[in-house]
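Take a look at the structure set out below.
Numbering (my numbering), first residue to last: 3 to 161.
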């Protein structure tokens, strides 16, 4: 079972957590330190994907920071589709807006998506890269309880 870490991790803590247990249902990455966030994403992709399988087992979905900018049907479909060559299918979701405010989307598709995000299959991992995340977001808290790892990297002072 994946260890539950219900807090924001810094780079050093995230590296240690990924070394101990790299396979998690979701990774929520945010902060101003874009270079280090990119390093973590690159490390995750190298760990989760079989070399050469990127065209089949890696999916990228990019929004504009607003919840409605993400195609819920497509994301649901990708979560439900198994990987072809890797043990894990990886879905990178950038600027979804899922963790910025309360989840306020209506409709069956959005309800199904919320449930899918709380019960991600073992054969799938989601990497969220977000501009803004509210620390008390209900979806964030629920996903952490399901094993999601959350990393916040702000600019480090030079002192």
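Idealized CB from N, CA, C, for every residue including glycine.
Asked                                                                                               : Found
Backbone CA spacing between residue 104 and residue 30 [nearest angstrom]                           : 16 Å
Helix, strand or coil at residue 29 according to DSSP, with G and I counted as helix                : strand
Close beta carbons around residue 157, own chain, < 7 Å, minus the five adjacent residues each side : 34 and 35
Distance, residue 15 Cα to residue 161 Cα                                                           : With a pLDDT of 42 at residue 161, under the threshold of 50, the modelled position of this residue cannot be trusted; read the value that follows with caution. Distance between the alpha carbons of residue 161 and residue 15 is about 20 Å.
In DSSP terms, what residue 129 is bridged to                                                       : 29 and 94
Burial state of residue 136, where buried means 16 or more other Cβ atoms lie within 10 Å           : exposed
Spatially closest choice to residue 98 from 19, 117, 123 and 63, by CA coordinates                  : 63
Euclidean distance between Cα positions of residue 82 and residue 42                                : 25 Å
Helix, strand or coil at residue 152 [DSSP, three-state]                                            : strand
DSSP three-state assignment for residue 60, whether helix, strand or coil                           : strand
As assigned by DSSP and simplified to three states, the class of residue 11                         : strand
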